[in-house]
Amino acid sequence: MKVLILAEHWIIHHSIPVDVWSVALINFIKNNFQGFFDVLSGVLGFLLGTTTDVLKAVPALVLIVIFSVLTYLFKKSWSLALLVFVALLFVLNQGYWEPTLETISLIIYATIACMAIGVPIGIAAAHRPTLYRVIRPVLDLMQTLPTFVYLIPTLVLFGLGNVPGLISTVVFVVPTPVRLTYVGISNVPRQLIEAGLAFGASPRELLWKVEIPAAMPTILAGLTQVIMLSLSMVVIAALVGAGGLGEPVVEAMETVQIGSGFTSGLAIVVVAVLLDRVFRPAKESS
Amino acid sequence: MPLAAQFDRVDILFPGLVQRAARSRVEAALRDLDSGKSRSEIIAATGVVVGAADVSLEIEQGEIFVIMGLSGSGKTTVLRAMNGLNTISRGRVLIRHGETMVDMTNPAPAVLRRLRNEAISMVFQQFALLPWRSVRRNVEFGLELRRMKAAEMREVVDKWLDLVGLLPWAEKHAHELSGGMQQRVGLARALATNADILLMDEPFSALDPLIRNKLQDELLSLQRSVQKTILFVTHDLDEALKLGSQIAIMKDGRVVQIGKPEDIVLRPATEYVAEFVRHMNPLSAIRAASLMRRINAITTSDRTCHFVDRAHYQIRLDVEGRLAAVHCEGMELTWREPDADEPAQQPGLHPDIHPDIHIVEADRLLKDIVTLRQQSGHPVLVRAEGKIVGFCGSEEIFSALTHAGRSEFRDALTAVG
Ligand SMILES: Nc1ncnc2c1ncn2[C@@H]1O[C@H](COP(=O)(O)OP(=O)(O)OP(=O)(O)O)[C@@H](O)[C@H]1O
Ligand SMILES: [Mg+2]
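As they're listed, the protein sequences go chains A and B. With our numbering as the guide, the letters of the first sequence map in order to residues 76 to 361. With our numbering as the guide, the letters of the second sequence map in order to residues 1359 to 1775.
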């Protein structure tokens, strides 16, 4: 019995300095690559800020009409266009127009970044089984790690603002397009690959003319999920100062204001429903 | 005829030698193969599957070479060695590309791609069309990979779509077409590249019998006009006999017999082949030359001969051996010489001409002869190289249908062939 207690004490008092190491790692990165992170932060911040400013410069009602018309052109559905129109008017009415624009530009860049990073990685993984074996645990980790855990190093490296919000969103969301692209490319029917080979396609032609088109429905399903998952990060992004629709939620939480907590939450739901309806892939008839 | 492709003692094992990890197992399997072990013994001992063993083939330019055999006999394996979809474990495969013969043992990727671009194309059993592309864009596929200019491509594709009768469907997608039409798209896609060699792996097996028959006829008439070399895989002897100018029969990865359709039917090399032949449909396999009774044997010095087929017939030939007169029970009959360009496979019955007695070429099929015999009520005369060489009466037709009297066919065959 005594031995066990002694052993326990020994274990507790000789803890492995993982915390120290992680601080050292982050400091190392900060000290050696700060320039890189500053540039990245500057570029992303500029893009996000400019996009938001441009959106804000357009009168709200004009923008609402533009969004509705785009929806109609994209989906060929009057009812959906009408839904977009009414829902956005409601958001404006509740006083959440500017945060909505900030959120939209954050989602736009998060989606672009996630697809630009995730799709090529997914393709590479589908072509190289060993690569997939390596990255799969990393993807699992990125999705299971509580977001707050990597929020702190992100803050250290990028400071407060919309850039760390964007980065955290990308870290959380990027495994999804990787996975779906991987699934899509690895499930291209063997026959189609062989048809490509039999007509003399080079590996690159095979990718562009056979594999990617065949996997497109799955990749597009990934896109929809990326948009929705990015939106789900708005509150967390607001915690690191990214603004947007998450901000009034955080404020309401801190000051326990039931009314504004409810309306800001409702605004997020409305935007979520809109994005889901507009970007959900059309059901194929075949 | 120059060769389009040549297989020289080819073994194809799975996994192939390219997979390093399996090398020693494959080499052990090759040794076992040489020591005469069977396929199942080799799988049990080494886990290596023998797809094809000791296959030697010579495929001439412009012929339809058929590979036939039961499921798992290695037909697909051999076919796919032609365009490098399967790698060759041992032996040599040579494929003609223009004036040169390309060695398929270990071709450089660029050489292989050019061969597949230009010299050899493929039609798949399950069509393998690209579902996101229209019919036209599917047919363009091979040309696009060859970087053909858009305008030229359009012209070529239009021509082939027209030839397979799908021009009105050009903008439709594959899933909007029936199976038979989809396979025509597959055919047009393969033909459009203007490759000299066409590989077809059971292209008609997924189709119903009527469509299959129609596509077979279309393939034959296409073949007559474009003169491609076709390597055709089937498990159906009737199809093989109808299409093939040469037939190779495979069993357990080995070729058990190669020969002309008549050789296979009349001189099956093994019991396995004979079993196939017993189950074939003689109507579309046996040709006039094989079933007729020869006339020269009974022609007298005055170039007249007599025979009985329900009634008494008298035939007189001119000096060139052409028909000069024919009488039935003393009554003079009319006839019509078949046109030289009349397709041998189609019945080719002129609906508006009704001669009393029909003359057919020696390669006409039994089913046509039955029709003509029944229509006219007279025996059918057989012509070879412009001469009347025999006749098919009801007795000859019945014995052919019941597979009797094979030895007689043999005589007739040597006389004509
Ligand atoms: N890629 C492969 N890997 C392993 N074994 C294979 C492979 N391809 C073919 N085989 C084996 O080779 C043998 C011959 O197969 P093949 O596909 O050539 O037969 P087939 O005559 O075309 O039959 P079917 O009429 O069913 O298409 C079979 O035993 C099969 O299991
Ligand atoms: Mg097969």
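Think of the CB as a built atom: it goes at the ideal place given N, C-alpha and C, for glycine as much as any other residue.
From the DSSP secondary-structure annotation, give me the bridge partner or partners of V1666 (chain B). B:H1670
Should Q266 (chain A) be flagged as near chain B, meaning a C-beta pair shorter than 9 angstroms? yes
DSSP state of S1648 (chain B) mapped onto helix, strand, coil: helix
Residue(s) in a DSSP beta bridge with A1410 (chain B): B:I1370
Rounded to the nearest angstrom, what separates F1767 (chain B) and I1727 (chain B) at their Cα positions? Caution applies to F1767 (chain B), whose pLDDT of 47 falls short of 50 and renders its modelled position unreliable; the value that the coordinates give is listed next. Cα to Cα, F1767 (chain B) sits roughly 15 angstroms from I1727 (chain B).
S1431 (chain B): beta carbon under 8 angstroms from a heavy atom of ligand 1? yes
Would you report the Cα separation of P195 (chain A) and I80 (chain A), rounded to the nearest angstrom? 53 angstroms
Taking CB distances under 9 angstroms as the criterion, tell me whether L282 (chain A) reaches chain B. no
Less than 9 angstroms between CB atoms is the rule here; does W1518 (chain B) satisfy it with respect to chain A? no
Identified DSSP bridge partners for K1609 (chain B): B:R1612
Look at the alpha carbon of E1633 (chain B) and the alpha carbon of K1618 (chain B), and state the distance between them as a whole number of angstroms. 17 angstroms
Looking only at C-alpha atoms, which of B:Q1585, B:E1513, B:M1426 sits nearest to I1616 (chain B)? B:M1426
Per DSSP, what are the beta-bridge partners of F1423 (chain B) in this structure? B:L1589, B:Q1604
Would you mind giving the Cβ-Cβ distance between A1407 (chain B) and F1372 (chain B), rounded to the nearest angstrom? I have them listed as a contact below 8 angstroms. It should be noted that the sequence gives Val, not Ala, for residue 1407 (chain B). With 8 angstroms as the limit, V1407 (chain B) and F1372 (chain B) qualify as a contact, their Cβ atoms being about 4 angstroms apart.
With 16 other Cβ atoms within 10 Å as the buried cut-off, status of I367 (chain A): Residue numbering for chain A in the displayed model covers 76 to 361; residue 367 (chain A) lies beyond these limits and cannot be assessed.
Would you please verify whether the beta carbon of T1434 (chain B) is less than 9 angstroms from any beta carbon of chain A? no
Could you check what DSSP says for M308 (chain A) in three-state terms: helix, strand or coil? coil
Measure the beta-carbon distance from A327 (chain A) to G321 (chain A) and round it to whole angstroms, keeping in mind my assumption that it falls under 8 angstroms. Not confirmed; about 11 angstroms, so no contact.
I'd like to know if E1502 (chain B) contacts chain A, where contact means its C-beta is closer than 9 angstroms to some C-beta of that chain. yes
Should F1372 (chain B) be listed as close to ligand 1, given that the test is whether its C-beta is under 8 angstroms from any heavy atom? yes
Taking beta-carbon pairs under 9 angstroms, can you tell me which members of the region 1554 to 1574 of chain B lie near chain A? L1557
Which bits of chain B does V285 (chain A) rub up against, with CB to CB less than 8 angstroms? L1488
Roughly how many angstroms separate the alpha carbons of L123 (chain A) and T178 (chain A), rounded to a whole number? 10 angstroms
Going by DSSP, what residue range makes up the beta strand (DSSP E) through F1717 (chain B)? Reading off the sequence shown, one finds Ile at residue 1717 (chain B), where the question assumed Phe. Per DSSP, I1717 (chain B) belongs to the beta strand (DSSP E) from 1715 to 1719.
Taking 7 angstroms as the limit between beta carbons, can you name the residues of its chain near I1446 (chain B), skipping five residues before and five after? V1368, I1370, A1439, M1462, T1463
My guess is that L1524 (chain B) and R1547 (chain B) are in contact by the Cβ rule of under 8 angstroms, so how many angstroms apart are they, rounded? L1524 (chain B) to R1547 (chain B), Cβ: 11 angstroms. No contact.
With a threshold of 8 angstroms (Cβ to nearest heavy atom), would T1434 (chain B) be considered close to ligand 2? yes
Establish whether the CB of L1707 (chain B) and some CB of chain A are separated by less than 9 angstroms. Only weak support is given to the placement of L1707 (chain B): the predicted model assigns it a pLDDT of 49, under 50, and the value that follows is read from those uncertain coordinates. Closer than 9 angstroms: no.
So that I know if they touch, is there some Cβ in chain B lying closer than 9 angstroms to that of S361 (chain A)? Unreliable placement is indicated for S361 (chain A), whose pLDDT of 38 sits below 50; the coordinate value is still reported in the next sentence. Yes, because at least one Cβ of chain B sits closer than 9 angstroms to the Cβ of S361 (chain A).
Looking only at C-alpha atoms, which of B:L1675, B:R1668, B:A1410 sits nearest to R1731 (chain B)? B:R1668
Validate contact between the region 333 to 352 of chain A and the region 259 to 275 of chain A using beta carbons, cut 8 angstroms, 3 pairs: no
Return yes when the Cβ of L1568 (chain B) is within less than 9 angstroms of the Cβ of V1481 (chain B), no when it is not. no
Please state whether the Cβ-Cβ distance between A1643 (chain B) and A1720 (chain B) is less than 9 angstroms. no
Along the beta strand (DSSP E) that carries I91 (chain A), what are the first and last residues, could you check? Here I91 (chain A) belongs to no beta strand (DSSP E), and DSSP marks it neither H nor E.
In whole angstroms, give me the CA-to-CA distance for S154 (chain A) and R355 (chain A). 15 angstroms
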